[in-house]
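Peer 1: With the UniProt record's numbering applied, the sequence shown corresponds to residues 1 to 318, in that order.
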Amino acid sequence: MSQVYSHDSQSTLTQTPPQYKQYATGWGFRLGLLAAFVSILIWASWLVSMRAGVTNTLTAFDLGVLRYSPPALLLFPFLWRARATVRAVSPILLLGIVCGAGLPFFYLSATGLKYAPASHAGLLILGAFPFFVTLLAVLFYQEKVSRERKIGLSLVCFGVVVLLSLSLLTAPEGTWKGDLLLLAASFFWAVYTVSLRIAGLPPLVSTALMGLVSLLALIVLGATGLVSSGLAQASWEMIAGQVLVQSLLVGLMTGFSYGYAIQKLGAENMAAIGAFTPVLAALIAIPVLGEQLEGYSIAGLILVSIGVVIASGILRKR
1 MSQVYSHDSQ STLTQTPPQY KQYATGWGFR LGLLAAFVSI LIWASWLVSM RAGVTNTLTA
61 FDLGVLRYSP PALLLFPFLW RARATVRAVS PILLLGIVCG AGLPFFYLSA TGLKYAPASH
121 AGLLILGAFP FFVTLLAVLF YQEKVSRERK IGLSLVCFGV VVLLSLSLLT APEGTWKGDL
181 LLLAASFFWA VYTVSLRIAG LPPLVSTALM GLVSLLALIV LGATGLVSSG LAQASWEMIA
241 GQVLVQSLLV GLMTGFSYGY AIQKLGAENM AAIGAFTPVL AALIAIPVLG EQLEGYSIAG
301 LILVSIGVVI ASGILRKR
């Protein structure tokens with residue numbers, strides 16, 4: 001999964017680079033739109049595949065190995081060539097990158113999806129994410145928040161509160177535990193985003209670093225016997241599907257599709273399109289997982305999606 005949302009254009013954390021100021025037109029714009037929709041389709045598929053894996057024979061350990069092996073092994077040359085640049089970055093920022101998108105984030109997401117449906121994961125991980133990013137920016141960097149972003153994030157918070165409250169009262173037992181874990185995963189992803197932006201590491205280098213550290217940690221966990229594996233009991237169809245989504249699409253492809261979309265469309269347009277990822281995840285989960293959308297989930301999805309679109313700044317008069 002890649003960074004989905006951006007700050008207001010005046011943000012000191014996620015200000016759009018100068019080379020992205022001139023957005024594409026014509027075929028470039030159309031290809032940018034295609035890349036954007038490919039990205040959100042992969043993100044939505046990632047949530048559904050995680051839910052399918054952890055509710056069957058595969059464990060979080062299995063999914064973690066599939067997720068982090070490709071970037072650790074295939075992108076290692078980029079990390080090695082940039083090792084001097086990595087050493088120059090603050091250890092705290094490196095820790096934020098490794099933990100924010102590595103095993104802590106992954107295990108929170110996988111464990112949360114054992115209890116909560118994919119529709120909740122899309123809303124809580126991706127929907128609440130811009131709120132946590134803004135919170136970190138305000139607390140640590142005294143960033144000013146625009147009026148429209150306050151309105152948008154208020155709608156996001158209201159949608160999350162609606163989901164959590166009604167889930168606690170009406171959803172099957174244990175769903176609320178999954179919701180809280182997914183919300184914690186959203187916070188970790190926000191820490192990753194802010195740390196990555198301040199560190200200034202190239203995307204391939206940061207992806208390789210996060211993948212390598214996560215894979216090494218998984219190897220240690222596997223050697224100590226603290227984790228279990230269900231690969232031996234999983235069907236070949238299940239393994240092939242997880243390899244496609246976890247290893248190839250999420251592990252490698254989204255870095256390119258997301259970067260291309262940002263370059264051609266701009267951060268604000270990409271943020272607005274990314275707002276529909278939770279909705280897409282919920283719709284995919286209906287035929288694939290047999291999930292049903294409750295009324296409160298629909299209300300939460302609508303509120304969060306509208307809130308993120310407003311907070312992205314795409315509706316600002318220029």
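All residues carry an ideal CB built from backbone N, CA and C; glycine is no exception.
In terms of alpha-carbon separation, which member of Gly122, Val156 and Lys114 lies closest to Phe132?
Peer 2: The candidate whose alpha carbon is nearest that of Phe132 is Val156.
Peer 1: Could you check what DSSP says for Val205 in three-state terms: helix, strand or coil?
Peer 2: Residue state, collapsed to three classes: helix.
Peer 1: In whole angstroms, give me the CA-to-CA distance for Phe276 and Ser305.
Peer 2: Between Phe276 and Ser305, the C-alpha separation is close to 6 Å.
Peer 1: Whose C-beta lies closer than 6 Å to the C-beta of Tyr260 among residues of the same chain, with five residues either side of it excluded?
Peer 2: Closer than 6 Å at the Cβ level, and outside the excluded window around Tyr260, lie Ala35.
Peer 1: For the region 33-48 against the region 160-173, do three or more pairs of beta-carbon atoms, one drawn from each stretch, fall closer than 8 Å, so that the two count as touching?
Peer 2: Result no; under three Cβ-Cβ pairs closer than 8 Å.
Peer 1: Quick one: is Lys21 buried, meaning 16 or more other Cβ sit within 10 Å of its Cβ, or exposed?
Peer 2: With a pLDDT of 47 at Lys21, under the threshold of 50, the modelled position of that residue is not reliable, and the figure given next carries that caveat. Exposed, by the Cβ-count rule.
Peer 1: So Ile42 packs on Val250, CB below 8 Å; how close in whole Å?
Peer 2: Right, their Cβ atoms sit about 6 Å apart.
Peer 1: Would you call Ser228 buried or exposed, if buried means 16 or more other Cβ atoms sit within 10 Å of its Cβ?
Peer 2: Label assigned to Ser228: exposed.
Peer 1: Determine, using beta carbons only, whether Leu293 and Phe76 come nearer to each other than 8 Å.
Peer 2: No, Cβ-Cβ distance for Leu293 and Phe76 is not below 8 Å.
Peer 1: Report the rounded CA-to-CA distance for Thr134 versus Gly102, giving the unit in angstroms.
Peer 2: About 21 Å.
Peer 1: Please report the residue range of the alpha helix (DSSP H) in which Ile92 lies.
Peer 2: It spans Pro91 to Ala101 - the alpha helix (DSSP H) in which Ile92 sits, taken as one unbroken run.
Peer 1: In this structure, how does DSSP classify Thr59 when only helix, strand and coil are distinguished?
Peer 2: Three-state DSSP puts Thr59 in coil, outside helix and strand.
Peer 1: Mark Leu226 as exposed unless 16 or more other C-beta atoms lie within 10 angstroms of its C-beta, in which case mark it buried.
Peer 2: Exposed.
Peer 1: If we define contact as Cβ-Cβ less than 8 Å, is Phe78 a contact residue for chain D?
Peer 2: Among the chains of the structure shown, chain D does not appear; only one protein chain is present.
Peer 1: Take the Cβ of Gln142 as the centre, count every other Cβ of all protein chains shown within 10 Å, and call the residue buried at 16 or more, exposed below.
Peer 2: It counts as exposed.
Peer 1: Using the Cβ count rule (16 or more neighbours within 10 Å means buried), how would you classify Arg51?
Peer 2: When all chains shown are included, Arg51 counts as buried.
Peer 1: Rounded to whole angstroms, what's the CA-CA distance from Val38 to Thr85? Just pull it up for me.
Peer 2: Using only the alpha carbons, I get a separation of about 31 Å.
Peer 1: Count the other CB atoms within 10 Å of the CB of Gln246; is the residue buried (16 or more) or exposed (fewer)?
Peer 2: Flag for Gln246 reads buried.
Peer 1: If you check the beta carbons only, do Ile219 and Leu231 fall under 8 Å apart?
Peer 2: No, Cβ-Cβ distance for Ile219 and Leu231 is not below 8 Å.
Peer 1: Cα separation between Leu301 and Pro130?
Peer 2: Each residue's alpha carbon lies about 15 Å from the other.
Peer 1: If distances are taken between C-alpha atoms only, which option among Lys177, Gly122, Val98 and Ser154 comes closest to Lys114?
Peer 2: Taking only the C-alpha atoms, the option nearest Lys114 is Lys177.
Peer 1: Helix, strand or coil, according to DSSP, for Gly53 in the structure here?
Peer 2: Of the three classes helix, strand and coil, the one that applies to Gly53 here is helix, per DSSP.
Peer 1: If we ignore side chains and look at the alpha-carbon of each, how far apart do Ser90 and Ser186 end up?
Peer 2: Straight-line Cα distance between these residues: approximately 23 Å.
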